[in-house]
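This report concerns only the one structure given below.
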Ligand code: CP
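In full-length UniProt numbering, the protein residues as written are 5 to 304.
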């Protein structure tokens, strides 16, 4: 693939290739080995929305491979504040760099940018749309910690309506034939188009509001934040906020691991962090080798 825009652009073979390459990158990600395979290459980082993990793991990945980065962490430090439009910005940065990573609050932005520039474009999250690099690191985490993804039952929990990570992940899990359950309040159910696509692909999904329905048989509890910033009406957010809290008491007897793309607010109690259930910090680290694999495969 030239661009990394949507997980739907990947075949299962493409995903398996990246996961295998990520495994080879792990010693470099852990600084046990040195690499200069992207020496002289520059990655443009255009973050119009806040980020910690995605931005910093891309920077780390690029630097571990001997390359460097330029860009901005908030549009407020770019010429967007003077009124420059997105098209002009990306055309300029496309001439300065060898690839662009972009996060934006508007769905479809990364695809649009990929049509404006000659260099490869990576979608680091576009509104409630997709977050394909997060999905690849989620799959990598499952494979590294639990083995064959095909054999897993994954419960996706929380904000399934606006959560771009769960939109991307559900398509990828369907490709692997993994079983899925969707757990959310009625107001935050998975969008109809995602359910339709999964059903057309012959995937049956259990939907429930009660997390206890999945605790006994899920291998992975993939928890997401209820995202205040995506609600058109703040009152609606306040009604649903705190709908799910996972703590070590609730998990007692379950054999599942707990994953979360982070940041969390109050969905996972801190008493889970140092138990065998809590794998979200390890998951965040795996963002580095996975993004190294992506950069190595798209930057020429
Ligand atoms: N998981 C994720 O996208 O985190 P950030 O918003 O911190 O990049």
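All C-beta atoms, glycine included, are put in the ideal place defined by N, C-alpha and C.
Between residue 106 and residue 160, the C-beta spacing is not below 8 Å.
Considering only 36, 16, 121, 234, the residue with the shortest C-alpha distance to residue 53 is 234. In the DSSP secondary-structure assignment, residue 183 is bridged to 157.
The stretch 222–240 and the stretch 253–269 touch, with three or more beta-carbon pairs separated by less than 8 Å. Distance from residue 72 to residue 46 at the Cβ level is roughly 5 Å; contact confirmed, criterion being Cβ atoms closer than 8 Å. The shortest C-alpha to C-alpha distance from residue 251 to any of 39, 153, 203, 278 is the one to 278. Burial state of residue 61 is buried, judged by a 10 Å Cβ sphere holding 16 or more other Cβ atoms. Excluding sequence positions up to five before and after residue 154, its CB lies within less than 8 Å of the CB of 180, 181, 182, all in the same chain and listed in chain order.
Secondary structure of residue 239 (DSSP, three-state): helix. For residue 58, the distance from the CB to the nearest heavy atom of ligand 1 is below 7 Å. If the five residues before and after residue 132 are omitted, its C-beta is found closer than 7 Å to the C-beta atoms of 111, 166, 168, 234, all from its own chain and listed in chain order.
Proximity of the beta carbon of residue 55 to ligand 1 is indicated: a heavy atom of the ligand is located closer than 7 Å. A Cβ-Cβ contact shorter than 8 Å links residue 137 with residue 8.
8 Å or more divides the Cβ of residue 102 from the Cβ of residue 158.
With fewer than 16 other Cβ atoms inside 10 Å of its own Cβ, residue 44 counts as exposed. A contact is defined here as three or more CB-CB pairs under 8 Å, and the stretch 21–34 meets this definition with respect to the stretch 280–298.
Around the beta carbon of residue 205, fewer than 16 other beta carbons lie within 10 angstroms, which makes this residue exposed.
Ligand 1 never approaches residue 195 closely enough for any of its heavy atoms to be under 7 Å from the residue's Cβ.
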